[in-house]
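Pasting the structure below:
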């Protein structure tokens, strides 16, 4: 194992098992409602959450992607669940989660299909999942269990976490990787991943509710990849990354070689986890600041040609950039609003960026644990007991279940987010 990975794993293992949720993650009870103590990072206002629900959620709880013909994604359902917990809106949380369980449930596991369309029969044409939607849904369920003291949410989070390890992780060149989906991303000579699918905060929480060394490995190896994935004159990570049989990496063929609509979530997740000094965050913010124009920051950068988008990024990108600047201690500028977004994805990033900044504020100040970590005692003990009760032998590397083999080889089904 490389020396830097050993050091990172050792450092992470020394972090204490925090005993409570960070209060800013709990929504209305938090004094940061007025911005006090958060350096201006106000929590999501009720009016903004109401606007998001009114524009993008149906009465049944389906989150509608307005830029893609009204389809829905597991990603969108998980975003709504996270925001609903933050707002202490249990009715909205249950609506979003119940709709996902009813319409996105895969056969044979607890993961969700990634796409649902109201225009096709059947509504789900591709049974594959998207691991970011599953990861964030499990995190939202864990937070809901702690907030509303409902163990059924935690049990559902455990099921998702277990199946993520079973179906969406792969050992590759002495690294444990999070696959974007259970199928179509692992080939005999290469693997395709998406670094914006890694939520460092979510990985930490799932490590508490379903103990396994795999979570720390996913975090350490993912952060290591993020540090190495520097491409083009801007030294930025791509939306999609390919690793060959020797571990060499490049922007994945099949997608534009860009830092774009997917990769914009990389700084969001770093901010959320309180990683305000991360080198990748610094590089991204430097790129955004250096190329700020009168009409706004370019929507994307081509990592091969160095070209920039001829149009500005949407409100979601601006919101992530603001949260990044704040985390770095720089002047942040005005808050974006749901009304500034032209579609669901931009609006979701506007609200998630505000939620991330509130969650991370006490972490950056050194006064609180990473956001969303529930009490370790009951959750960790119960989940460890559940593993023992299942009698499943640990696979090499400490995984609670053997890594997936024989994944279907085929072209990736995802397309990058577009304006």
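Residue numbers (the numbering used here): 690 to 1108.
Built from N, CA and C at the ideal position, the CB exists for glycine as well.
Judged by their CB atoms, residue 1030 and residue 1004 are nearer to each other than the 8 Å cut-off. The C-beta separation of residue 927 from residue 918 comes to about 7 Å, placing the pair in contact by the 8 Å criterion. Here residue 767 is buried: its Cβ has 16 or more other Cβ atoms, across all protein chains shown, within 10 Å. Restricted to the region 846-928, the beta strand (DSSP E) segments that are unbroken, complete and at least 3 residues in length are 858-861, 864-867 and 879-882, listed in chain order. Residue 877 counts as exposed, since fewer than 16 other beta carbons sit within 10 angstroms of its beta carbon. The alpha-carbon separation between residue 777 and residue 828 amounts to approximately 15 Å.
For residue 839, there is no enclosing alpha helix (DSSP H), as DSSP gives it neither H nor E. By alpha-carbon distance to residue 908, the top candidate from 920, 894, 921 and 898 is 894. Under DSSP, residue 990 takes part in a beta bridge, and its partners are 948 and 997. With distances taken between CA atoms, residue 1033 lies nearest to 760 out of 760, 733 and 735.
Look at residue 805 here: in three-state DSSP terms it is strand. Note that the C-beta distance between residue 738 and residue 779 is not below 8 Å.
For residue 1003, the secondary structure class from DSSP, reduced to helix, strand or coil, is coil. With a threshold of 16 other beta carbon atoms within 10 Å, residue 990 meets it and is buried. Within the DSSP secondary-structure output, residue 761 pairs in a beta bridge with 805.
Between residue 882 and residue 930, the CB-CB gap stays under 8 Å. Taking every protein chain shown into account, the CB of residue 809 has fewer than 16 other CB atoms within 10 angstroms, so this residue is exposed. Judged by DSSP in its simplified three-state form, residue 791 adopts helix.
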